[in-house]
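Trainee: Supplied in C-alpha cells, the structure appears directly below.
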Amino acid sequence: MSTESTTGSGATTRATGVPSAADPAAPALRATGVGKSFTARKGEVVALTGVELEVAPGEFVSLIGPSGCGKSTLLRLIADLDAPTSGELTIFGKPAHQARLDQDYGIAFQQAGLLPWRSVGANIALPLELHGVERAARAARVAELAELVGLTEFVDRHPDELSGGMQQRVAIARSLAAKPRLLLMDEPFGALDEMTREYLQSELARIAAETGAAVVFVTHSIPEAVFLSDRVVVMSPRPGRITDVVATPLGARRDDGLRESPEYYAHVTAVREALHGTPTHRPGEP
Amino acid sequence: MSPVVVARPPRRTAPPAWARIVAPIVVGLLLLAVWILWVDVLGTAPRALPSPIAIGQELVLRGEIIGKAMAVTATNALLGLVAGALLAVVLAALAAASRPLDGMLAPLVAALAVIPIVALTPIFNTMFGASSQFGRQAVAGIAAFVPVFVNVLRGLRQTRPVHRDVLRSVAASPWQTFRVLTLPTAVPYLLTGLRIAASLAVIAALVAEYFGGPADGVGTAIASYAKSGRAALAWAFVAGGIAIGLVFFLATTLLERLVARRLPV
Ligand SMILES: Nc1ncnc2c1ncn2[C@@H]1O[C@H](COP(=O)(O)OP(=O)(O)O)[C@@H](O)[C@H]1O
Ligand SMILES: [Mg+2]
C-alpha cells in the first residue's frame, strides 16, 4: 500500500497561486547558523544558537536532549511557527515560510490537537479541505490515510471516543494528508504509556518507510531515538545548541526484533554517552 | 492491532432521574396545599392574593385574551433577543479581531450592563410613538445584547495554542481559521450567553409594558387588573408571563445541551 499512488491533488497553493517548485536535489532541511532568542521579563533567553543541520530526503533524524535545550524551538522554526533571530532555514531549497504555504511539511505535536467537534475523518481531511481539494478526492485520501494508521472503522467517531494513542494516530494521518515529503514531530508519543509507545514507534517506522518522507523527530527517549532514526542529533541547554550527531545505521529493519539486537544496544550506549558527555558506567558492568 | 474505544466517564454523581423530577413537583404541590389552606380554608390571606382555584378558573375562562397578550409580549421578547444577540455576535467578533475596537466597546458594554434599561422605555415610547412596540423590543434587545456580547467575546478567545499551531502549519487564512477554529470554539459560550439573555429579554419586554406604550401585552394586563381589583385575573396573566419565561429558558437550555453533546469542549 503506497500513499503516493492516488489521485488526491495534494498540496496546492492558495492565494499565491502556483506552488513554487521544489529543488529535487535540495536537502529536505538545511539549517545554517540558526539562532533564536526570546525576550523574557528577566532579560534575553538564548533558546538556540549556531544550529547547523542538514537532513536528506527520506532520512529519519531525531533531536534528543534534556528539557529546555531548544528541541521544540528548533522544530517550530523549521515549521515557520516562529521566526529565527539569526541564520537561515530552507526546506527542499525553499524558505521555511514558502514551504509552509506550499504544505511541504506535515507536523504533529505532543498533544494530538484534534478539533473535538469534527469526526476523525473530518480532522484528517482538514488540511485538504482548507486547500480546496474536492470532496471525492478528499474522501478517497481520508480512506487511504485511515487505513495507513489502522483507524478505518473509526473515521466517523469523534476524538473524545478514542484513546490517546488512537488520537495521536489521527494526528499523524492529518499531518500526512497533503503528502508532505517532510514530517516534523514534537514528542508525539511523549504522553503515551510504554506499550502504546512501542507499538506506535513500529507503526511510525513503517509509515515513514512507506511514504518515503524525511522525518525530524523530537524526543527525550534514547531507545526511541535509536529505534527510529538514521541519525540522532544530540542537543544541550543554556544556550540550546547541537553538541553531537550520532549515526545509527540500523537499516530498514525497524521491528521488535531490532529492540533485542546487540547493534541496537551499542547505538543506545553511544547516544547515551554523547548525551552525558562522558562514557557512562552502568551497574553490573566492568 | 486492537484499538480500544474509551467509554465516556460518568459526568458526575447525581440523584436518580426520577428524584430530580419528582422532588420539585412534591415541593410545588406542598406549596399549593399551603396556599389553598391559607386562602380558602383559613381565609386570613390578603385580598390581593386570590385562591389558586380562582386563578385557575380565570386561566380557563379568559384563556383566549391571555394567549393574545402572551403572544404580544413573547414576540417583543423574541425579536429583541434575536436582534440583540445578532448585534452582540457581530460586535464581539469585531472586538475579538481588533484591540482598539475592543477598547472602545468594553467600557460601553460595561455601562450598558449597569444602566437599568427598562427605565429608558418612556423615552423610547416618546421617540417612536405610543402605539409602537419598538420601544419594548429595543429594551429587550439591549437587555439580551449584554450577556451574549460578554460570553461570545470570551468564547472567541478560548482557542488552544496547539489548535492555532495546527492551523498555521497548514497555512490556513485568517478567515479559514475563524471559520474552522475560532467560531466553533465560541459556540458553547454563545449558547450560554443566549440562555441568560433569553430570560432577561422576557423580563425586559414584560416590565417595559409597565412604563406605557400600546395597551396590550401581559405586563399591561397585570398592571391594569391589579389596579382595578381583579386579583385572580391579574394572577392568571402572571402565570402567562411565567409560562413565556419558562418556554424561552427551556428552549435555550435544550439548544445548549444539544450542541454541548456535539461540541465536547
Ligand atoms: N515563547 C517563549 N518565550 C520565552 N522563552 C521561551 C519560549 N519558548 C521557549 N522558550 C525558552 O527556550 C528554551 C528552549 O525551550 P524548548 O525549545 O521548549 O525546549 P525543549 O523542547 O527542548 O524542552 C527554554 O529555556 C524555554 O524556556
Ligand atoms: Mg519541547
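Keeping their order, the protein sequence lines are chains A and B. Heads up: the first sequence at position 8 corresponds to 8 in this note's numbering, and the numbers run straight through without jumps. Heads up: the second sequence at position 164 corresponds to 1164 in this note's numbering, and the numbers run straight through without jumps. Glycine included, each C-beta is placed from N, C-alpha and C at the ideal position.
1) Hey, is residue 4/A's beta-carbon within less than 9 Å of any beta-carbon in chain B?
2) Tell me the rounded alpha-carbon separation between residue 174/A and residue 34/A.
3) Kindly indicate which residue of 1179/B, 1107/B, 1140/B and 1043/B has the alpha-carbon position closest to the one of residue 1121/B.
4) Using Cβ-Cβ distances below 7 Å, what residues of the stretch 70-86 of chain A are close to chain B?
5) Does residue 190/A have its Cβ less than 9 Å from a Cβ in chain B?
6) If you drop the 5 nearest sequence neighbours on each side, which residues of the same chain put their C-beta closer than 7 Å to that of residue 236/A?
7) For the candidate residues 59/A, 227/A and 36/A, whose alpha-carbon lies nearest to that of residue 201/A?
8) Any idea what DSSP makes of residue 42/A, helix, strand or coil?
9) Look up residue 1002/B in the DSSP assignment and say whether it is helix, strand or coil.
10) Using a Cβ-Cβ cut-off of 6 Å (strictly less than) and excluding sequence neighbours within five positions of residue 275/A, which residues of its own chain qualify?
11) Taking 9 Å as the CB-CB limit, is residue 1131/B close to chain D?
12) Would you say residue 235/A touches ligand 1, meaning its beta carbon is less than 8 Å from a heavy atom?
13) Any beta-carbon of chain B closer than 9 Å to the one on residue 102/A?
14) Name the two residues that bound the continuous beta strand (DSSP E) containing residue 108/A.
15) Between the Cα of residue 231/A and the Cα atoms of 204/A, 239/A, 270/A and 103/A, which residue gives the shortest distance?
16) Does residue 175/A come out as helix, strand or coil in the three-state DSSP assignment?
17) Report buried or exposed for residue 277/A, applying the criterion of at least 16 other Cβ atoms within 10 angstroms of its Cβ.
18) Strictly by DSSP, which residues pair up with residue 1051/B?
19) So, is residue 1258/B buried or exposed, given that buried needs 16 or more other C-beta atoms within 10 angstroms?
20) Residues bridged to residue 94/A by DSSP?
21) With a Cβ-Cβ cutoff of 9 Å, do residue 57/A and residue 212/A count as a contact?
22) Check whether the stretch 1233-1242 of chain B touches the stretch 1157-1166 of chain B, taking contact to mean three or more Cβ pairs, one atom from each stretch, closer than 8 Å.
23) Under a CB-based cut-off of 9 Å, is residue 129/A close to chain B?
24) Note the first and the last residue of the continuous beta strand (DSSP E) segment covering residue 242/A.
25) Residues in the same chain with beta-carbon distance under 8 Å from residue 96/A, minus the five sequence neighbours each way, listed in chain order, please.
26) Just mark residue 265/A as buried or exposed, buried being the case when its beta carbon has 16 or more other beta carbons within 10 Å.
27) In chain B, which residues lie with their C-beta within 8 Å of the C-beta of residue 217/A?
28) Could you give the distance in angstroms between the alpha-carbon of residue 1116/B and the alpha-carbon of residue 1244/B?
29) In this structure, does DSSP put residue 1175/B in helix, strand or coil?
30) Check residue 189/A in the structure and name its three-state DSSP category.
31) Expressed to the nearest angstrom, what Euclidean distance is found between the alpha-carbon atoms of residue 240/A and residue 73/A?
32) By the DSSP assignment, the beta strand (DSSP E) with residue 1117/B in it spans what residues?
33) When you compare only the Cα positions, how much space is there between residue 50/A and residue 252/A?
34) For residue 109/A, tell me which candidate among 191/A, 267/A, 256/A and 203/A has the shortest Cα-Cα distance.
35) Please decide whether residue 109/A counts as near chain B, where near means a Cβ-Cβ distance under 9 Å.
36) Establish whether the CB of residue 1172/B and some CB of chain A are separated by less than 9 Å.
Mentor: On the basis of the coordinates in this document:
1) As a working note, residue 4/A is residue 4 in the first sequence. For residue 4/A, the pLDDT reaches just 41, beneath the cut-off of 50, and the residue's location in the model is therefore unreliable, leaving the point undetermined.
2) Position 174 of the first sequence, counted from the first residue, corresponds to residue 174/A. Position 34 of the first sequence, counted from the first residue, corresponds to residue 34/A. Roughly 28 Å separates the two Cα atoms.
3) Indexing the second sequence from 1 puts residue 1121/B at position 121. Ranking 1179/B, 1107/B, 1140/B and 1043/B by Cα distance to residue 1121/B puts 1140/B first.
4) 79 and 81
5) Position 190 of the first sequence, counting from 1, holds the residue named residue 190/A. It does not: the Cβ of residue 190/A has no partner Cβ on chain B nearer than 9 Å.
6) Residue mapping note: residue 236/A aligns to position 236 of the first sequence, counting from 1. Cβ neighbours of residue 236/A beyond the five flanking positions: 65, 69 and 243.
7) Counting from one through the first sequence, the residue named residue 201/A turns up at place 201. Nearest of 59/A, 227/A and 36/A to residue 201/A, Cα basis: 227/A.
8) To locate residue 42/A, count along the first sequence from 1; it is residue 42. Note: residue 42/A maps to coil in three-state DSSP.
9) Within the second sequence, the letter at position 2 stands for residue 1002/B. Confidence is the limiting factor: at residue 1002/B the pLDDT is only 44, short of 50, which leaves the residue's position unreliable and the question unanswerable from this model.
10) Numbered from its first residue, the first sequence carries residue 275/A at position 275. 234, listed in sequence order.
11) The question asks about chain D, but that chain is absent: this structure's protein chains are A and B.
12) Position 235 of the first sequence holds residue 235/A. Yes; taking the cut-off as 8 Å, the Cβ of residue 235/A has a heavy atom of ligand 1 nearer than that.
13) Position 102 of the first sequence, counted from the start, is the residue given in the question as residue 102/A. Yes, residue 102/A counts as interfacial toward chain B.
14) Along the first sequence, one-based indexing puts residue 108/A at 108. 105-108 is the extent of the beta strand (DSSP E) around residue 108/A.
15) Numbered from 1 along the first sequence, position 231 holds the residue referred to as residue 231/A. Of 204/A, 239/A, 270/A and 103/A, the residue nearest in Cα terms is 270/A.
16) Reading the first sequence from its first residue, position 175 is the one you call residue 175/A. In the structure shown, residue 175/A sits in a helix (DSSP, three-state: H, G or I).
17) For the purposes of this step, residue 277/A is taken as the residue at position 277 of the first sequence. The residue is exposed, with fewer than 16 neighbouring Cβ atoms inside 10 Å.
18) One-based indexing of the second sequence puts residue 1051/B at position 51. DSSP output for residue 1051/B lists no bridge partner at all.
19) By one-based count along the second sequence, residue 1258/B stands at place 258. Its Cβ having fewer than 16 others within 10 Å, residue 1258/B is exposed.
20) Against the first sequence, residue 94/A aligns to sequence position 94. Beta-bridge pairing links residue 94/A to 91/A.
21) Looking up residue 57/A in the first sequence gives position 57. Looking up residue 212/A in the first sequence gives position 212. Going by C-beta atoms, residue 57/A is nearer than 9 Å to residue 212/A.
22) no
23) By one-based count along the first sequence, residue 129/A stands at place 129. So, interface residue.
24) Counting from one through the first sequence, the residue named residue 242/A turns up at place 242. 241-247 is the extent of the beta strand (DSSP E) around residue 242/A.
25) Taking the first sequence and counting its residues from 1, the one referred to as residue 96/A is at position 96. Taken in chain order, the residues that qualify are 77, 78, 79, 80, 89 and 90.
26) Reading the first sequence from its first residue, position 265 is the one you call residue 265/A. With fewer than 16 Cβ atoms within 10 Å of its Cβ, residue 265/A is classed as exposed.
27) Residue numbering aside, residue 217/A sits at position 217 when the first sequence is read from its first letter. None at all; the shortest Cβ gap to chain B is about 16 Å.
28) Position 116 of the second sequence, counted from the start, is the residue given in the question as residue 1116/B. Position 244 of the second sequence, counted from the start, is the residue given in the question as residue 1244/B. Taking the straight line joining both Cα atoms gives about 22 Å.
29) Numbered from its first residue, the second sequence carries residue 1175/B at position 175. Residue 1175/B falls in the helix class under three-state DSSP.
30) Locating residue 189/A in the first sequence gives position 189, counting from the first residue. It is coil, neither helix nor strand.
31) Along the first sequence, one-based indexing puts residue 240/A at 240. Along the first sequence, one-based indexing puts residue 73/A at 73. Those two C-alpha atoms are separated by around 9 Å.
32) As a first step, residue 1117/B is located in the second sequence; it is residue number 117 there, counting from the start. Run containing residue 1117/B: none; DSSP gives neither H nor E here.
33) Here the question's residue 50/A lines up with position 50 in the first sequence. Here the question's residue 252/A lines up with position 252 in the first sequence. Those two C-alpha atoms are separated by around 32 Å.
34) Residue mapping note: residue 109/A aligns to position 109 of the first sequence, counting from 1. Checked all of 191/A, 267/A, 256/A and 203/A; the closest Cα to residue 109/A is 191/A.
35) Numbered from its first residue, the first sequence carries residue 109/A at position 109. Yes, residue 109/A counts as interfacial toward chain B.
36) Sequence index remark: in the second sequence, residue 1172/B carries index 172 (1-based). With 9 Å as the cut-off, residue 1172/B counts as an interface residue toward chain A.
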